[in-house]
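Visitor:
In the UniProt record's numbering, the protein residues as written are 1 to 72.
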């Protein structure tokens with residue numbers, strides 16, 4: 001809870017560079033709490049061509065029942 005709350009409060013106040021640094025931890029915190037909209041916002045800042053980026057996008061796709069997208 002506290003990490004997610006802190007990320008929510010700071011996200012719009014920090015630079016894109018800082019958002020990119022926060023994104024993995026913020027996405028994990030949001031996922032753990034079931035805050036899917038926040039998770040999606042944070043995941044957008046994780047490069048698609050990284051393991052974390054692919055993983056979090058797959059989790060979001062599964063949550064939305066987009067199974068073929070999750071397999072990509």
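Backbone N, C-alpha and C define an ideal beta-carbon position, used for all residues, glycine too. Computed from a predicted model, the values in this text were never measured in an experiment.
Which term fits residue 38, buried or exposed, when burial requires 16 or more other beta carbons within 10 angstroms of its beta carbon?
Guide: Walking along the chain shown from the start, residue 38 turns up at place 38. Flag for residue 38 reads buried.
Visitor: Is the distance from the Cβ of residue 19 to the Cβ of residue 11 below 8 angstroms?
Guide: Along the chain shown, one-based indexing puts residue 19 at 19. Along the chain shown, one-based indexing puts residue 11 at 11. Yes, the pair counts as a contact, with Cβ atoms nearer than the cut-off.
Visitor: Could you give the distance in angstroms between the alpha-carbon of residue 43 and the alpha-carbon of residue 23?
Guide: Residue 43 sits at position 43 when you count from the first residue of the chain shown. Residue 23 sits at position 23 when you count from the first residue of the chain shown. Going by the C-alpha atoms only, they are around 6 angstroms apart.
Visitor: Along the chain, which unbroken stretches of the alpha helix (DSSP H) at least 4 residues long are found entirely within the UniProt domain "PIK-related kinase FAT" (23–71)?
Guide: Fully enclosed alpha helix (DSSP H) runs of 4 or longer: 36–43, 51–63 and 67–71.
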